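>
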Amino acid sequence: MDRKEFLSKLSMGAAFALTVGCFGSCKKEEDQTQATLVDDSVDFTIDLTDPTNGNLLNNGGFIFNGSVIVAKDVNGNYVAATKVCSHENLPDIVFRNNEWFCPAHDARFNINGQGQNDKGKRNLLVYNTELNGDLLRVYS
Ligand code: FES
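Counting along the sequence shown from 1, when you hit position 109 you're at 179 in the working numbering, and nothing is skipped either side.
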């Protein structure tokens with residue numbers, strides 16, 4: 071092996087090592103970002119008589135409360151989820167066609183948070199709801 075061939079093999083090995091190292095740390099960094107953005111300890115109450123929550127009186131309507139989206143499904147049940155999409159962590163989740171939807175890259179999740187296409191394959195964190203008269207509790 072001459073000097074030129076040796077240097078060529080050395081640079082290919084270094085490039086491979088750097089690439090593999092980046093894949094591992096980039097994935098870890100992405101997971102940490104998702105964990106930071108998604109609020110997994112949620113507990114708040116919404117007054118449905120408050121006009122600012124009026125969208126929740128209509129089936130298919132939704133509102134945002136901090137990092138949470140709350141919606142009324144087509145059957146009149148209240149559902150809630152994080153508004154941070156599991157695809158690329160964008161806070162763009164909306165409620166559309168009786169499912170969670172992210173318009174950034176068209177990720178779809180059913181009401182239970184299960185991904186419905188490739189972009190939604192990591193599923194979506196959903197929260198519990200409990201209706202007591204006109205008060206809607208949303209909690210994890
Ligand atoms: S960030 Fe939601 S689909 Fe890509």
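Positions of the beta carbon are idealized from the N, C-alpha and C atoms, including for glycine. Predicted model only: the values in this text are computed from it and were never measured.
Between the Cα of ASN123 and the Cα atoms of ILE139, VAL108 and VAL112, which residue gives the shortest distance?
The sequence position of residue 123 within the sequence shown is 53, counting from 1. ASN123 has its Cα closest to that of ILE139, out of ILE139, VAL108 and VAL112.
> Between the C-alpha atoms of LYS191 and PHE171, what's the straight-line distance to the nearest angstrom?
For the purposes of this step, residue 191 is taken as residue 121 along the sequence shown, with counting starting at 1. For the purposes of this step, residue 171 is taken as residue 101 along the sequence shown, with counting starting at 1. Approximately 13 Å, taken between the alpha carbons.
> Between the C-alpha atoms of ASN167 and LYS142, what's the straight-line distance to the nearest angstrom?
Numbered from 1 along the sequence shown, position 97 holds the residue referred to as residue 167. Numbered from 1 along the sequence shown, position 72 holds the residue referred to as residue 142. Computed Cα separation, rounded: 11 Å.
> Just checking, does the stretch 192-206 make contact with the stretch 149-157 on the three C-beta pairs under 8 Å criterion?
The stretch 192-206, when compared against the stretch 149-157, does touch it at the 8 Å Cβ threshold.
> Using the C-alpha atoms, what's the distance from PRO161 back to ASP101?
Reading the sequence shown from its first residue, position 31 is the one you call residue 101. Reading the sequence shown from its first residue, position 91 is the one you call residue 161. Only weak support is given to the placement of ASP101: the predicted model assigns it a pLDDT of 48, under 50, and the question is left unresolved by the model.
> Using the C-alpha atoms, what's the distance from SER210 back to ASN193?
Here residue 193 is taken as the residue at index 123 of the sequence shown, counted from 1. Here residue 210 is taken as the residue at index 140 of the sequence shown, counted from 1. If I take the Cα positions, the gap works out to 16 Å.
> Mind checking whether ARG207 and ILE116 have CB atoms under 9 Å apart?
Translated into the one-based positions of the sequence shown, residue 207 becomes position 137. Translated into the one-based positions of the sequence shown, residue 116 becomes position 46. Cβ atoms of ARG207 and ILE116: closer than 9 Å.
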